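Residue numbers (my numbering): 188 to 419. Notes to accompany the following structure.
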């Protein structure tokens, strides 16, 4: 039985993995890092340490994947393998930083009722905008985790050190999965992993998903994960 420690993204919890995990079969056990409980970047790292195995197989999405890279660089002895989904080690794109800086004061002043259609268009492929199996999960997480969690995660992670050049220090097996249609994380930024760490296994999904790969492309993601964990 292979234990996977799952690290979610911004305004996500274990529900982000709900469409993926049943496709992985019964050879795995799953443990979830409750990233939403953290109130600072330091606490996010502490939660990863507290809720993962002593030699962890980290499977991490978006913000969680950036934090997992940071964790693996700081605690190499505690990471057995690393899966990076919809994230680069570069930090946020300038456009996304500007979006968040615009959203923060609006959040502070107004009642939060979940993702706007504009935000959904930024994170989903067009064909999934009206798919309740995807949109309803995103909205449920957004509303239930709420404004305070979103503000905390935006404020504490908007400035991220560029770790790309340090990814060559990673000694564990690494799988990186990106989407060509991801508007938040440029696929070319993810491809750049190969420049610093040629050993990283890299897959760019060409269609059928935007940023929310675990919800939008669970079958493709499951296939890559199963191949990665079966490899000698």
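By construction, the Cβ of each residue, glycine as well, lies at the ideal position given by its N, Cα and C atoms. Since we're looking at a predicted model, the values are computed, not measured.
The Cβ atoms of residue 207 and residue 401 lie closer than 7 Å to each other. Between the alpha carbons of residue 355 and residue 380 lies a gap of roughly 8 Å. DSSP links residue 380 through a beta bridge to no other residue.
When secondary structure is reduced to three states using DSSP, residue 373 falls in the coil class, being assigned neither helix nor strand. Beta-bridge annotation (DSSP): residue 192 is paired with 218, 245. Under DSSP, residue 390 shares a beta bridge with 364.
In the assembly as shown, residue 303 is an exposed residue. Its beta-carbon has fewer than 16 other beta-carbons within 10 Å. In this structure, residue 350 and residue 411 do not form a Cβ contact; the two beta carbons are roughly 22 Å apart against a cut-off of 8 Å. Within the same chain, Cβ atoms closer than 7 Å to the Cβ of residue 227 are found at 343, the five residues on either side in sequence being excluded. A direct Cα-Cα distance of roughly 9 Å separates residue 396 from residue 313. The way I'd put it, the region 323-342 doesn't touch the region 358-374; fewer than three beta-carbon pairs between them come closer than 8 Å. Of the other Cβ atoms in all chains shown, 16 or more fall within 10 Å of the Cβ of residue 244; this residue is therefore buried.
Counting of Cβ neighbours within 10 angstroms places residue 289 among the exposed residues, the total staying below 16.
A straight line joining the alpha-carbon of residue 210 with that of residue 407 spans about 10 Å. With contacts defined as CB atoms closer than 7 Å, residue 222 and residue 251 qualify as a contacting pair. At a Cβ-Cβ threshold of 7 Å, residue 365 and residue 391 count as neighbours.
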